[in-house]
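Chains as they are written, first to last, in the numbering used here: chain A, 1 to 356; chain B, 1 to 276; chain C, 1 to 290; chain D, 1 to 146. All C-beta atoms, glycine included, are put in the ideal place defined by N, C-alpha and C. Here's the structure, in structure tokens; my notes come after.
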Amino acid sequence: MSTRILTKADLAGLVADLLSAGTRVVAPARVDNPQVAAYRPIASFDEARLDGPLPPRSPKEFFLPPTEVLLRWQKKKDGIELQEVATEHPKQVILGARPCDVAAVEILDKVMGWDYRDELWFGRREATTIVSLACRGVDKSCFCTAVGSGPDAQKGADILLVPSDGDAYLAQILTPKGQALVEAHAQRFGEASGAEAAKSFREAATRKVASNLPIEATKLSGWLADNYEHELWKRLAMRCHGCGACAAVCPTCHCFDIVDEPEGIDRGVRRRNWDTCQAGKFTVHASGHNPRGTQNERFRQRVLHKFSIYPKRFGELLCTGCGRCARACPAGMDLPEILGQIAKLAGAGVPTGGTK
Amino acid sequence: MNLYQPYLMRIEEAVDETPDTRTFKLVFQDPKVAESFDFQAGQFGEYSAFGEGESTFCIASSPTRKGYIECSFKEAGKVTGALRKLGVGDTIGFRGPYGNRFPVGQMEGHDVVFIAGGIGLAPVRCAIWNVLDQREKVGDVTIVYGARSVGDLVYKRELEGWAKRSDVKLWQAVEPGGEAPDWKGEIGLVPAIVEKAAPRSADAFAVVCGPPIMIKLTLPVLEKLGFSEERVFTTLENRMKCGLGKCGRCNIGPVYVCKDGPVFSAKELKALPQEL
Amino acid sequence: MKELRQIAAKLLTDGAVKVVIGWEEGPRGARAAFVTRPEDAERLIFDARCVQNLATYLSPRRRHVVGLGKAAVVAKPCDAKAIAGLIRESQVKREDVVILGVRCGGVVREPTMPASLTAETVADRCGICETREPTLYDHLIGEPQPEPPRVTRREEQIAALMQKTPQERFAFWSQQLERCIRCHACREVCPMCFCEQCVADKTRPVWIESSSHPRANFAWQMTRVMHQAGRCVDCGECERACPVGIPLNLLTRYTAQSVEKRFGHKPSDDPSIAAPIGTFRSDDSQEFIR
Amino acid sequence: MATEETKAFEPKIVAFVCNWCTYTGADLAGTSRLQMSPNVRVVRLPCTGRIDPLFLIKAFERGADGVIVSGCHPADCHYTAGNYHARRRFAVFREIADMMGVDNQRMTFSWVSASEGNKWRDVVNETTERVRNLGPFTEYQSLSRD
């Protein structure tokens, strides 16, 4: 599709237009701690920090909230009455999200849509237009290039903004939804220019990230599937606490729990809550038997799900290389480091030798 | 209606199978759902006790019996504890049917062996009745069922009925020490009884369900008897939440038990990581 | 460092221990190391980036670590307090662990930071810490250390918070706990959270809801801090582990202040000193009881 | 509607009391026909030592505007020392609650013996009036996000 130019002033204007039309705008923004940003709804463009630090949490919560009501029930004289929850959602625009975060949303469409379609997920998906912003690379823990993506990846975005000359962004319009947004606010978008600056931004960012982890993680699934009992797993997670902070901040981790909560003696709600395979109780049977009894096994599950199970089932890695898990880990578990180790081991088994 | 919204069902009958195991006969409140609801032997559902949560059990009645479903469960936790407190006339929630099925159709013209331990008889019972309701379509029917003690045997009335039938060979067993004074069945563990029963294995099908250790020890016996591992089926009881292949909980190796299972052939089971 | 590596290697060579738990250089700064071969003792480091409390790994619920066999653990003074806590509460037997005490001049806030201590970089807890060396150890390693830069950021924040009305404090914590996602990282990293089954995971009955709404989050943090009262060694790990940046140490520190004020108790690495909750004096102050 | 709006706020107060002293004292207050505000619901437990701070949290979660914890006077515990343990526990808990913004005025701790029916009446009436003045604990009750 086409390319336009969007100046910072016009972007501010676009946000104002959207907000006044009642659209929720979610962007990386300041929170009380000045070192930290978070994706959150903003009340004006001033609150957004598009160039700020990487928010510790991905924006997946705007599609799969940490806790959400699935239904409400109430006891009546002649039984139970159920109240459904809405699967339609008000319009929102996610602005300035990183390409790694945005790619995750499209990856998750697969699991949310195969066979049974999760309307709660897709209700939010359909109500959302995603305007991503190419990233200059955050730090040494970034490895998006190793998972077949990149700091300027388009996947999942409706519009991709790339910093260009001065304070303008080159806007690549990628989907009909993106096109509709541009058409509805045509006066904010100008004729495309500054393609050279945008190109060099993209190249510099890609170079920066690519040097962090020069492997092809897409080629690990065979080794992973064949080496379930490998020595590597037996000592891999000694330092892991099993806290699941990695899963909480991960843009692609989507496992959940379903719980009932009474809200009085005759009524209550059923919720789904984020959950994590890193918690011991995740798989424990009612009998007390736990098929994944130790942290090493649980960590192996996390790696396998992302780099073997999901790709085999859905054709793509369940990882976008954002590096949040490594940054969030209080114990120094480091997924890029582990992938590097696996790539080295897999070297012999991977015919194309995508490992160094 | 979103995916997680259950159907409401009325408890028509409640039978205590053992001191901690109960069977419900359930009828859909909405006649339209009752009309259209269909399932296959081996499928499961998510049953809810409102206020406590959902629990996963197979459908224990046969798809040949229309208009209702049955489930049997053992009190083990929060939800099963709450379900056990419910009785005739109470409302529970049901989502399903989910998962794959026993290949009942393929069994036509062949001998079938059903092997179960404890509450594991529930999913097998579904297949048993499915086959017995079309008895003429299959060859010999052998049932081997064991429990820890006489008191732990479930579906006692049906066991009596099967014992009386001339077209069913029933082997009942309890573990040593679990027998009552008037116990006429076998004493021993299920794998040993299967070996003793030694059903004809040529082209025969077997359906096995019970505690993980029982399944683990029974499969080699069947192999020894000459059963093809492609014709031996079991049903896995992983912890599940959604039943829809989303929540990730039942994932082992490359499979989502709730979608690719719960029924697996012995051959498929061998290929899975030993995370059972 | 040389001394530490030599002792670790010797312990492993002699078979006195099967694993030495210390720190190593990781991709994002110092992190826990599990050294099982004498030649790997070279990996061990100790400097101001060794933030993590390694006592957590001695907790019996860490089955995969326990499975390695008898452990030696490198312990800063605050880590030694946690080990003492585990011994005091019968989770670890003194003779089952070899403690390699290290003299400590404070650590930085995050293991990713450079190892230089300034008022800006020093961890809040070290800014008030008065313990330069542990008293609970089998080997004491390192040169005497200078006092870390004195900072009282946390104490000032607490004092400011306590100046406010309860309603304002409630609003403050509501806002903070709005972010909580109930991953329980605060619990999992805590050396003193060793329960086989946490009350937050109980289902019959559900005392603390597992959903991450503020109602449940309040119940969780109030309970967690209550269970830590008089037991918390102020290692700061709960706050550091929190992936959403909730200032949990304001709660644990305030509780420690209250416990000290009321019962004269400070966390110590002497396992024979009883924790204040779980014991009592018949003349305890009861000004709040009618 | 008009009548609802003018209806005065009646606080809901949950009292957790020990079986041996305060419960008997409350019983005495009742059998002595002492006038007390009807806002207090009594939950009887074996001993104040059995009263987990979670009970108080749960009470607030489920709509209580105030709570009372009451048991035997020092040296009078049926189990020798349960009340001493409780004293330490609640000394700390009320400060944690205070730090988190749960106004300590919503919590009453008292020793009421089996013979102190009058004291129980006073504890009940004073607590009710104090909580009435504070108003409903809407902050806590509205914590649930949706």
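Proximity winner among the options, relative to residue i (alpha-carbon distances)
{"i": "residue 158 of chain A", "options": "A:197, A:341, A:170, A:181", "result": "A:181"}
{"i": "residue 219 of chain B", "options": "B:183, B:268, B:250", "result": "B:268"}
{"i": "residue 171 of chain A", "options": "A:345, A:10, A:335, A:334", "result": "A:10"}
{"i": "residue 154 of chain B", "options": "B:5, B:6, B:16, B:7", "result": "B:16"}
{"i": "residue 185 of chain C", "options": "C:126, C:147, C:270, C:224", "result": "C:224"}
{"i": "residue 206 of chain C", "options": "B:20, B:52, B:2", "result": "B:52"}
{"i": "residue 291 of chain A", "options": "B:213, B:169, B:217", "result": "B:213"}
{"i": "residue 30 of chain C", "options": "C:44, C:17, C:40", "result": "C:44"}
{"i": "residue 278 of chain A", "options": "C:227, C:183, C:283, C:195", "result": "C:183"}
{"i": "residue 121 of chain B", "options": "B:140, B:49, B:21", "result": "B:21"}
{"i": "residue 250 of chain B", "options": "A:276, A:134, A:78, A:66", "result": "A:276"}
{"i": "residue 49 of chain D", "options": "D:109, D:95, D:87", "result": "D:87"}
{"i": "residue 119 of chain C", "options": "C:66, C:106, C:239, C:90", "result": "C:106"}
{"i": "residue 246 of chain B", "options": "A:256, A:248, A:29", "result": "A:256"}
{"i": "residue 231 of chain A", "options": "A:36, A:44, A:47, A:345", "result": "A:345"}
Within 8 Å, strictly: CB atoms of residue i and residue j
{"i": "residue 307 of chain A", "j": "residue 236 of chain A", "result": "no"}
{"i": "residue 131 of chain D", "j": "residue 166 of chain C", "result": "no"}
{"i": "residue 245 of chain A", "j": "residue 330 of chain A", "result": "yes"}
{"i": "residue 93 of chain A", "j": "residue 23 of chain A", "result": "yes"}
{"i": "residue 230 of chain C", "j": "residue 265 of chain C", "result": "yes"}
{"i": "residue 261 of chain B", "j": "residue 99 of chain B", "result": "yes"}
{"i": "residue 368 of chain A", "j": "residue 197 of chain A", "result": "The structure shown does not extend to residue 368 of chain A, since chain A is modelled only from 1 through 356, so no value can be given for it."}
{"i": "residue 274 of chain C", "j": "residue 191 of chain C", "result": "no"}
{"i": "residue 163 of chain A", "j": "residue 209 of chain A", "result": "no"}
{"i": "residue 203 of chain A", "j": "residue 146 of chain A", "result": "no"}
{"i": "residue 175 of chain A", "j": "residue 317 of chain A", "result": "no"}
{"i": "residue 359 of chain A", "j": "residue 6 of chain A", "result": "In the structure as shown, chain A begins at 1 and stops at 356. Residue 359 of chain A is therefore absent and cannot be evaluated."}
{"i": "residue 144 of chain C", "j": "residue 122 of chain C", "result": "no"}
Status (buried if at least 16 other CB within 10 Å, exposed otherwise) for residue i
{"i": "residue 127 of chain D", "result": "buried"}
{"i": "residue 88 of chain B", "result": "exposed"}
{"i": "residue 9 of chain D", "result": "exposed"}
{"i": "residue 353 of chain A", "result": "Note that residue 353 of chain A has pLDDT 37, beneath the 50 cutoff, so the model's placement of it is unreliable and the number below is only indicative. Result: exposed."}
{"i": "residue 19 of chain C", "result": "buried"}
{"i": "residue 356 of chain A", "result": "Note that residue 356 of chain A scores a pLDDT of 33, beneath 50, so its modelled location is shaky; the value from the coordinates is reported in the next line. When all chains shown are included, residue 356 of chain A counts as exposed."}
{"i": "residue 33 of chain B", "result": "exposed"}
{"i": "residue 160 of chain B", "result": "exposed"}
{"i": "residue 58 of chain A", "result": "buried"}
{"i": "residue 1 of chain D", "result": "Low confidence applies to residue 1 of chain D: its pLDDT is 44, below 50, so where it sits in the model is not reliable enough to give any reading."}
{"i": "residue 221 of chain C", "result": "buried"}
{"i": "residue 348 of chain A", "result": "A caution first: residue 348 of chain A carries a pLDDT of 42, below 50, which makes its placement in the model unreliable, though a value can still be read off. Its Cβ having fewer than 16 others within 10 Å, residue 348 of chain A is exposed."}
{"i": "residue 274 of chain B", "result": "exposed"}
Beta-bridge pairing of residue i - partner residues as DSSP gives them
{"i": "residue 34 of chain C", "result": "C:21"}
{"i": "residue 92 of chain A", "result": "A:24, A:128"}
{"i": "residue 54 of chain B", "result": "B:48"}
{"i": "residue 232 of chain C", "result": "None, per the DSSP bridge assignment."}
{"i": "residue 98 of chain B", "result": "B:44"}
{"i": "residue 16 of chain B", "result": "B:22"}
{"i": "residue 76 of chain A", "result": "A:79"}
{"i": "residue 41 of chain A", "result": "A:26"}
Contact set between the stretch 232-244 of chain C and chain A, restricted to residues whose Cβ is under 7 Å from the partner: 237, 240, 241, 243, 244
Which residues, taken in chain order from the stretch 218-236 of chain A, show a beta carbon closer than 8 Å to some beta carbon of chain B? 225, 228
Got a sec: which bits of the stretch 236-251 of chain B sit with their beta carbon under 7 Å from any beta carbon on chain A, in order along the chain? 239, 241, 242, 244, 245, 246, 247, 248, 249, 251
Listed in chain order, which residues of the stretch 81-97 of chain B have Cβ atoms closer than 7 Å to some Cβ of chain A? 91
Short of 8 Å Cβ to Cβ, which residues in the stretch 46-67 of chain A face chain C? 56, 57, 66, 67
Could you run through the stretch 263-286 of chain A and flag, in chain order, every residue whose CB is less than 8 Å away from some CB of chain B? 268, 270, 272, 275, 277, 282, 283, 284, 285, 286
When you check each C-beta in the stretch 141-175 of chain C against every C-beta of chain D, which residues fall closer than 9 Å? 158, 161, 162, 164, 165, 166, 167, 168, 169, 170, 171, 172, 173, 174
Just by C-beta distance, which residues in the stretch 170-204 of chain A are closer than 9 Å to chain B? none
Identify each residue in the stretch 107-122 of chain C for which the Cβ-Cβ distance to at least one residue of chain A is less than 9 Å, and report them in chain order. 111, 112
Output, in sequence order along the chain, the residues in the stretch 193-217 of chain C whose CB is closer than 9 Å to any CB in chain B. 203, 204, 205, 206
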